[in-house]
Ligand SMILES: [Zn+2]
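The following block contains the structure:
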């Protein structure tokens, strides 16, 4: 028996987990943070670094009888700024501990510098895959203009994959589920069968497996979609009843949703294979075949989608990469 999504939030609230919907300036809309009323009093994600987000966070905490000053632990689900931008301010007010995947701690601590390197990496990747330079550089300025909504985070409690976080009334197991970002971490309450999954699984949108640098900061890119599919398969096997997402409504039937997403990736992979089979194409040409001329801000997302699916085909031995020194093209050997 699956729950109705509204009922799922009530069930979570009965378990002391309250969804706080914090505004962001991004197309995705509000971000879901979660207040866990337990010892320590815990906030999972903070929302972006803006006065508006801070006001709403204060107001929504107040509605539950708390203030920012009372927060004892902040848990971060991943490295994206819509989820963690307010962390410095929350910690400044409360002195809360900050728990996050230990593998991500260095990057979170070096936010500004790291974001610059990530942007340079993205520009390089776009140019190598045939995206016109004016688009690549325009996107770099867009990304820079968003920088202020982020912040650095000093992780005082580095978490390992599998590590349990003990509370007065519950235990949450830390599970590394990379793909949407390399630091995606989900938190599993086995007793209540509630999974706090953030952007790893979202009901109304399929999470973008963005191509990034790996967590160790090296320049070799991730195979984000390949990794994401492996992570989804692991989550599929969990006996979760409620999955609390980073955006939108809770997921109440994660197996059906994951099956649907896996089938969609399978179909898209075959569609991209047919385009490559016709003739060798660059990542940009494939993206244009599928989505046409997209807005500048979508250029990296669509390229990430294409490269992710091409990675699957390369791993299956059906597609190879050729490099003329400027642009990478994909072809299907016969
Ligand atoms: Zn995210």
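Numbering (my numbering), first residue to last: 151 to 484. Virtual Cβ for every residue (Gly too), placed ideally from N, Cα, C. If you're wondering where the values come from, they're calculated on a predicted model, not measured in any experiment.
Looking only at C-alpha atoms, which of 252, 356, 282 sits nearest to residue 310?
-> 252
Are the region 340-359 and the region 407-424 touching, with three or more C-beta to C-beta distances below 8 Å?
-> yes
What three-state label does DSSP hand residue 171 in the structure shown?
-> strand
Within its chain, find whatever has a CB closer than 7 Å to the CB of residue 425; leave out the 5 residues flanking it on each side and keep chain order.
-> 431, 436, 439
Report the three-state DSSP secondary structure of residue 464 (helix, strand or coil).
-> helix
Could you tell me which uninterrupted alpha helix (DSSP H) segments, each at least 4 residues in length, are contained entirely in the region 276-304, listed from first to last along the chain?
-> 283-295
What are the residues that DSSP puts in a beta bridge with residue 478?
-> 473
So which residues touch the region around ligand 1, with touch meaning a C-beta under 5 Å from any heavy atom?
-> 230, 349
Roughly how many angstroms lie between the CA atoms of residue 185 and residue 483, to the nearest whole one?
-> 53 Å
Among 314, 268, 301, 304, the one whose alpha carbon lies nearest that of residue 293 = 268
Quick one: residues in its chain with C-beta nearer than 6 Å to the C-beta of residue 463, no 5 flanking neighbours on either side, listed in chain order?
-> 423, 469
Candidates 319, 302, 364, 323: closest to residue 312 by CA position | 323
Enumerate in chain order the residues of its own chain whose CB-to-CB distance from residue 457 is below 6 Å, with the five nearest sequence positions on each side excluded.
-> 361, 433
For residue 229, is the classification buried or exposed, using 16 other Cβ atoms within 10 angstroms of its Cβ as the cut-off for buried?
-> buried
Measure how close the beta-carbons of residue 243 and residue 219 come, nearest whole angstrom, since I'm counting them as under 8 Å.
-> 5 Å
Count the other C-beta atoms from every protein chain shown that fall within 10 angstroms of the C-beta of residue 245, then say buried if there are 16 or more, exposed otherwise.
-> exposed
Cα separation between residue 256 and residue 364?
-> 12 Å
From what residue to what residue does the alpha helix (DSSP H) around residue 381 run?
-> 374-386
Bounding residues of the alpha helix (DSSP H) (the contiguous stretch that carries residue 141) | In the structure as shown, the chain begins at 151 and stops at 484. Residue 141 is therefore absent and cannot be evaluated.
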